[in-house]
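Heads up, the sequence shown is in the numbering used here, so the first residue is 559 and it goes up one at a time. Don't be surprised by glycine CBs; every beta carbon is placed ideally from N, CA and C. Have a look at the structure below before the remarks.
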Amino acid sequence: MEIQYSPGLLGSVRDAYGQGRLENTTEARAYAGTAHPSAQGDSISVSQDALLLSEAHRAAQSAPDVRTDKVESLRLQVANGTYKPDSRLIAANLLREEPGLFAL
559 MEIQYSPGLL
569 GSVRDAYGQG
579 RLENTTEARA
589 YAGTAHPSAQ
599 GDSISVSQDA
609 LLLSEAHRAA
619 QSAPDVRTDK
629 VESLRLQVAN
639 GTYKPDSRLI
649 AANLLREEPG
659 LFAL
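This is the structure:
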């Protein structure tokens, strides 16, 4: 079984738990007192995409927000008057990163 992400469903479940609406319903109380055994047992599998996304998220969270070595190097170049930005490289990177920026 594959479960698709649904932001609307997640929000409504979170709201229901947060406001205590589930435990106050007759159906919820009846379900809580009933055992629901499974013939095979429950299982879960996570897709390779989900694993990669999780790994990328962890890497991004652990990375520093500022590359201090790069900032310090540029600061010294500006202070010494040796900073010479490559305008062609900057333009090429802008076109590559933001293709819609220059759409005519």
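Span of the alpha helix (DSSP H), counted from its first residue to its last, around residue i
i	result
ARG625	First-last for ARG625: undefined, no H or E at that position.
SER645	645-655
ALA618	606-620
Cβ-Cβ separation, residue j to residue i (assumed contact under 8 Å), whole Å
i	j	result
ALA632	TYR641	Per the sequence shown, residue 632 should be read as Leu rather than Ala. Going by Cβ atoms, the distance from LEU632 to TYR641 rounds to 7 Å, so yes, they are a contact pair.
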